[in-house]
Amino acid sequence: MTEPTTTNPNFYGIVDMGSNGIRFSITDLSPPTARLLPTVYQSRAAISLYDAQFSSQTETKSQTKTRGPIPETTIAQVLDHLRHFQSTCSDFGVRATNIHVLATEATRTAPNAAAFCGAIRAHTGWEVRLLTKEEEGRIGALGVASSSARVAGIAMDLGGGSTQITWVVEGDGGEVRTSPRGAFSFPYGAAALSRLLQEAEAETKSSDDGTTALEALKAEMTRQFQTAYRELEVPDPLLLQLLQTSPKGGRQQQQQQQRSLYLCGGGFRGWGYVLMKTYSDKTGEGEAYPIPIINGFRVPRAEFHDTAAVLQEVAGADTTTTKIYGVSRRRAAQIPAVAFLVNVIMDALPAETITHIQFCQGGVREGFLYDRLPPAVRAQDPLLAATQPYAPPSAEVLHDLLRAALPGTPSPRDTDSFNVPRSFLATNLLAALANLLFAHAKVPRESRAAAALHSTATGILAATNCLSHVERALIALVLCERWDGELAPTDEGYQRQLVRCVSREEAWWCRYLGRVAALVGDVYPAGREPEGRWRVRFETEWSAVEKTKNHEVRDVLHLTVRRGDAATTSMLQEILTDRADGLEKVGKKKNWVHGRGVKVQVTIV
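The sequence shown maps to residues 287 to 891 in our numbering.
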């Protein structure tokens, strides 16, 4: 006899009835990983409630210009999927009070919205929450906040029926602020705009002033977004202040001069995946973009605005059987409309306001759940929350050792080519590395480096949706080197791709810090330092050395390894000597990364 399912009070079932599709998910908000919004179940029904309202009732199902009610056949399909999800929620033990049905533009504006929601209530017992335009924008902004740490910038959500714009700032204590004016919503979703463009292209006649319907549409949209931006009253000084005073430092400080536009919604995510596809063309080496995760993908404004490259990529896919990863045929068909919108918002938003674009997985579903989290949970650093389960007993000691191995003062020449990149000064990055130092210890020796290299894209951190691609690359490269960096040829190619995701300076410091981590791992094989019995401590200092032959002045990083009373065995001395030799080798010019690196001298005392 089957045992009855025990309910889990921390499981939440969400139905997100969008314009382009309906998403079903179950999320676990149990501590200590609630900040990550881990998904235990998800599925999607390819039902476009927007298109359904423009379908004629003839057998040909041709599209009409007149909007009608959601057809009974479509309602029946939706009800069937909802009943299936209701059964799934029962299997997982989701409490009935923890199941929420959220509906956006297509349902909100449907002529028979009340009857549609009534049918859902009658067949499932679930009440549909019709989000207003303002609620949809606010919850979408919260979804953006859930997708990263300390977001600050403009946020846009592109659905099938509408697009919203607002600003979002996450401050200390988990407080998330959005514009007091709410969000501005326009009927320019990917599906809706595709229809508008088709209608405009069909109007071949120019207006009295000589402009075409397409030109008039673009001008009108540009004016609307410019007006929205002004009326949102973006608190630019506040954004800078938050970035400058962020206690997490590092990555946030590095982005002080980078003004971000955060994008979520299926239409924008499709654009991001196509940009990833263009990566191999731009590198000229035919290698695919290494991180197949849209969340945290970040590009400069000019690259985002390169609509010609994106349209060319999509056109090329149309002429072959090759499908662009992450982009369905339906999404690909909407790319021209998204390109039109991209041109509009890049014209409407000042260049000095937006320098970089970051893609986010979070949307209505994530924003709704993130809003339910206590401020203390929202304030948690997602990288630390994700890596804490892997932390060794003396993680704080290991963190202090990694930090001590990085010079705390500028190099003699004080240039970015030699100084420690700001990304490495972030407390959360070093703490996360300390947590993960032994995460792959159980993997067979010959596979540890490869497992570590893939850990952030397809391994233990793959499901963590709150990391930037730079963070994923840095962690993977350091951990690979921590396990000696011995890779098979196929994995060497992936390593080269990851290196391109970071700066040359960051790539070299990954090698250096990874070799320091290998030394630490050998000295503390269990990740534990017995109380009061330290084994090694690090000290660093810079010097400038002039070469005899060509009188070239070179900065030298001196790393002193001090042994404690608990580290006097000859075996440990041999280990330290071997690791010190490896550290000095990484500092040789032939081992620098594309001309970037630092000479290293190690002294054991």
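Note that the Cβ used here is the ideal one computed from N, Cα and C, for glycine as well. Just so you know, these numbers come straight off a predicted model, no measurement behind them.
Legend entry - Whether A399 touches G446 by CB criterion (8 Å): It is not a contact, given that the beta carbons lie outside the stated cut-off.
Legend entry - Local Cβ density within 10 Å of A260, reported as buried at 16 or more and exposed below that: The structure shown does not extend to residue 260, since the chain is modelled only from 287 to 891, so the question has no answer here.
Inset, instruction - Could you check which residue in T390, F340, A408 has the C-alpha nearest to that of K419? - result: Ranking the options by Cα distance to K419, first place goes to T390.
Inset, instruction - Consult DSSP for L659 and reduce its assignment to one of helix, strand or coil. - result: L659 falls in the coil class under three-state DSSP.
Legend entry - Where the beta strand (DSSP E) containing A438 begins and where it ends: First-last of the beta strand (DSSP E) with A438: 438 to 444.
Legend entry - Run of the beta strand (DSSP E) containing Q450, from where it starts to where it stops: DSSP places Q450 in the uninterrupted beta strand (DSSP E) bounded by 449 to 456.
Legend entry - Option in E757, F654, S546, T292 with minimal Cα separation from S376: Cα-wise, what sits closest to S376 is T292.
Legend entry - Expected contact under 8 Å - CB spacing of F378 and V326 to nearest Å: Between V326 and F378 the Cβ distance is about 7 Å, and since that is below 8 Å, they are a contact.
Inset, instruction - Taking E860 as part of the alpha helix (DSSP H), name the residues at either end of that continuous run. - result: Per DSSP, E860 belongs to the alpha helix (DSSP H) from 856 to 872.
Legend entry - Straight-line Cα distance separating V886 from L518: Separation of L518 and V886 (C-alpha to C-alpha, rounded to the nearest whole angstrom) is 51 Å.
Legend entry - For F626, the first and last residue of its enclosing alpha helix (DSSP H): Note, F626: alpha helix (DSSP H), 615 to 634.
Inset, instruction - State the Cα-Cα distance for the pair F876 and L659, rounded to the nearest angstrom. - result: Residue 876 is actually Lys in this sequence, not Phe. Roughly 50 Å separates the two Cα atoms.
Legend entry - Under the three-state DSSP convention, the category V683 falls into: For V683, the three-state secondary structure derived from DSSP is helix.
Legend entry - P241 - containing beta strand (DSSP E), residue span: This structure gives no information on residue 241, because the portion of the chain shown stretches from 287 to 891.
Inset, instruction - Since I believe Q674 is in contact with P318 (beta carbons under 8 Å), could you give me their beta-carbon distance rounded to a whole number of angstroms? - result: About 6 Å; that satisfies the 8 Å criterion.
Legend entry - Contact set for Q666: own chain, Cβ-Cβ below 6 Å, skip 5 residues either direction: The answer, listed in chain order, is R321.
Inset, instruction - Have a look at the DSSP bridge pairing and note the partners of N294. - result: DSSP lists V380 as the beta-bridge partner residues of N294.
Inset, instruction - Locate the alpha helix (DSSP H) running through L722, then write down its first and last residues. - result: Secondary structure note for L722: it is in no alpha helix (DSSP H), with a DSSP letter that is neither H nor E.
Legend entry - Neighbour-count burial assignment, T776, 16 or more Cβ in a 10 Å radius: Result: exposed.
Inset, instruction - Measure the CB-CB distance between V596 and T641 and report whether it falls below 8 Å. - result: Their beta carbons are not under 8 Å apart, which means V596 does not touch T641 by this criterion.
Legend entry - Rounded C-alpha distance that separates V455 from T498: Pairing V455 with T498, the inter-Cα distance amounts to about 39 Å.
Inset, instruction - Note down the Cα distance separating A634 from M442, rounded to an integer number of angstroms. - result: Cα-Cα distance, rounded: 13 Å.
Legend entry - C-beta contact flag for G307 and I333 at 8 Å: Yes, Cβ-Cβ distance for G307 and I333 is below 8 Å.
Inset, instruction - Have a look at R394 and T744 and give me their C-alpha separation to the nearest angstrom. - result: Cα to Cα, the separation comes out at about 38 Å.
Inset, instruction - Consult DSSP for H642 and reduce its assignment to one of helix, strand or coil. - result: In the structure shown, H642 adopts extended strand secondary structure according to DSSP, grouped into three states.
Legend entry - Residue environment, E883, which counts as buried when at least 16 other CB atoms sit within 10 Å: Here the sequence assigns Gly to residue 883, which means Glu is not the residue at that position. When all chains shown are included, G883 counts as buried.
Inset, instruction - Look up E501 in the DSSP assignment and say whether it is helix, strand or coil. - result: Here E501 sits in helix by DSSP.
Legend entry - Other residues of its chain near F824: CB distance less than 8 Å, five sequence neighbours each side excluded: Counting only Cβ-Cβ distances below 8 Å, and skipping sequence neighbours, we find L687, A690, A691, V802, L845, T846, V847, R848.
Inset, instruction - Below 6 Å CB to CB, which residues in the same chain sit around M632 once its five sequence neighbours on both sides are set aside? - result: Only H591 meet the Cβ criterion.
Legend entry - Beta-carbon proximity list for P473, same chain, < 6 Å, skipping 5 on both sides: Same-chain partners within the cutoff: S448.
Inset, instruction - Verify whether the separation of the beta carbon atoms of P576 and C787 is less than 8 Å. - result: Yes, Cβ-Cβ distance for P576 and C787 is below 8 Å.
Inset, instruction - Measuring alpha carbon to alpha carbon, tell me which of P693, R731, N714, H837 ends up nearest R758. - result: Taking only the C-alpha atoms, the option nearest R758 is N714.
Inset, instruction - With a floor of 3 residues, list each beta strand (DSSP E) that falls wholly inside the segment 376 to 424, ordered by position along the chain. - result: Contiguous beta strand (DSSP E) elements confined to the segment 376 to 424 occur at 385 to 389, 414 to 416, taking only those with 3 or more residues.
Legend entry - Minimum C-alpha distance to V387 - residue among C403, T513, P397: Per the Cα distances, C403.
Legend entry - Sequence-distant residues of its chain with Cβ nearer than 8 Å to A396 (five each side left out): In the same chain as A396, and ignoring 5 residues on each side of it, the C-beta atoms closer than 8 Å to its own belong to L335, Q339, P355, I356, F402, in chain order.
Legend entry - Alpha-carbon to alpha-carbon, A804 and Q644: The straight-line gap from Cα to Cα measures roughly 33 Å.
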